[in-house]
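Everything on this sheet refers to the single structure shown next.
Numbering (full-length UniProt numbering), first residue to last: 1 to 211.
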């Protein structure tokens, strides 16, 4: 089997046997109630598209081999509860689409700049205040590229550049002035005005409901 669609099934867990499907190329587990992933979930040698969006997942429940799926081209983690993205994301060298919208992300790892094949990055509606300068390494301003970053509590300098356009943001984060701002921000624990941005209320999500 090369394609498996398990979306919209009220699943709270996935079977261990999933990782013994070596020919799987596309796996859709979106719109469920997943709070965890089975051990060894990353053992898919040819998986190209993985959709885990609209569940209750976070960085704590990802199995150790999750970022070993180096054949992955598209990873959708939107509408979950991630606050941090593990630095091992850098191992997904063939990734072209990364969907992280509607989480609780407080920061992105600097290693995201090593994903040089990324053409779509969706980080809208999180709790992000700054971007790692390494994002400027990505070929995001290109005509076939998509960077969605609205609805985040950006520091004033980024917010002002964003009003002019994404390309201005990407140029700005290359500057020495921004590197200084970024380093200071991270040294302060990522807090803006002494407080972390509040979490969004996800209590009414369908994935939280109990039948």
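The beta carbon of each residue, even a glycine, is placed where N, CA and C say it ideally should be.
Go ahead and pull the three-state DSSP assignment for residue i.
i: residue 74; result: strand
i: residue 181; result: helix
i: residue 158; result: helix
i: residue 133; result: helix
i: residue 112; result: helix
i: residue 173; result: coil
i: residue 83; result: coil
i: residue 88; result: helix
i: residue 59; result: helix
i: residue 200; result: coil
i: residue 69; result: coil
i: residue 105; result: coil
i: residue 186; result: helix
i: residue 14; result: coil
i: residue 37; result: coil
i: residue 138; result: coil
i: residue 163; result: helix
Taking all protein chains shown into account, do 16 or more other C-beta atoms lie within 10 angstroms of the C-beta of residue i, making it buried, or fewer, making it exposed?
i: residue 1; result: exposed
i: residue 211; result: Only weak support is given to the placement of residue 211: the predicted model assigns it a pLDDT of 44, under 50, and the value that follows is read from those uncertain coordinates. Exposed, because fewer than 16 other Cβ atoms sit within 10 Å of the Cβ of residue 211.
i: residue 165; result: exposed
i: residue 92; result: buried
i: residue 78; result: buried
i: residue 186; result: exposed
i: residue 146; result: exposed
i: residue 75; result: buried
i: residue 179; result: exposed
i: residue 19; result: buried
i: residue 32; result: buried
i: residue 85; result: buried
i: residue 16; result: exposed
i: residue 8; result: exposed
i: residue 34; result: buried
i: residue 125; result: buried
Keeping to the same chain, check which residues put their C-beta closer than 8 Å to that of residue i; ignore five residues upstream and five downstream.
i: residue 82; result: 57, 58, 59, 100, 103, 104 and 105
i: residue 153; result: 127, 128, 129, 192 and 197
i: residue 65; result: 40, 41, 42 and 43
i: residue 155; result: 129, 130, 181, 185 and 192
So who's on the other strand from residue i, going by DSSP bridges?
i: residue 120; result: 97 and 146
i: residue 27; result: 4 and 50
Go through its chain and collect everything with a Cβ distance to residue i's Cβ below 6 Å, but skip five positions before and after it.
i: residue 29; result: 6 and 52
i: residue 80; result: 55, 57 and 103
i: residue 199; result: 104
i: residue 120; result: 97 and 146
i: residue 137; result: 113
i: residue 36; result: 61
i: residue 115; result: 95
i: residue 148; result: 122 and 124
Please list, in chain order, all residues of the same chain as residue i whose beta carbon is under 7 Å from its beta carbon, the five residues on each side excluded.
i: residue 111; result: 87, 89 and 90
Taking Cβ positions, are residue i and residue j nearer each other than 8 Å?
i: residue 22; j: residue 38; result: no
i: residue 50; j: residue 71; result: no
i: residue 123; j: residue 95; result: no
i: residue 11; j: residue 24; result: no
i: residue 109; j: residue 132; result: yes
i: residue 163; j: residue 140; result: no
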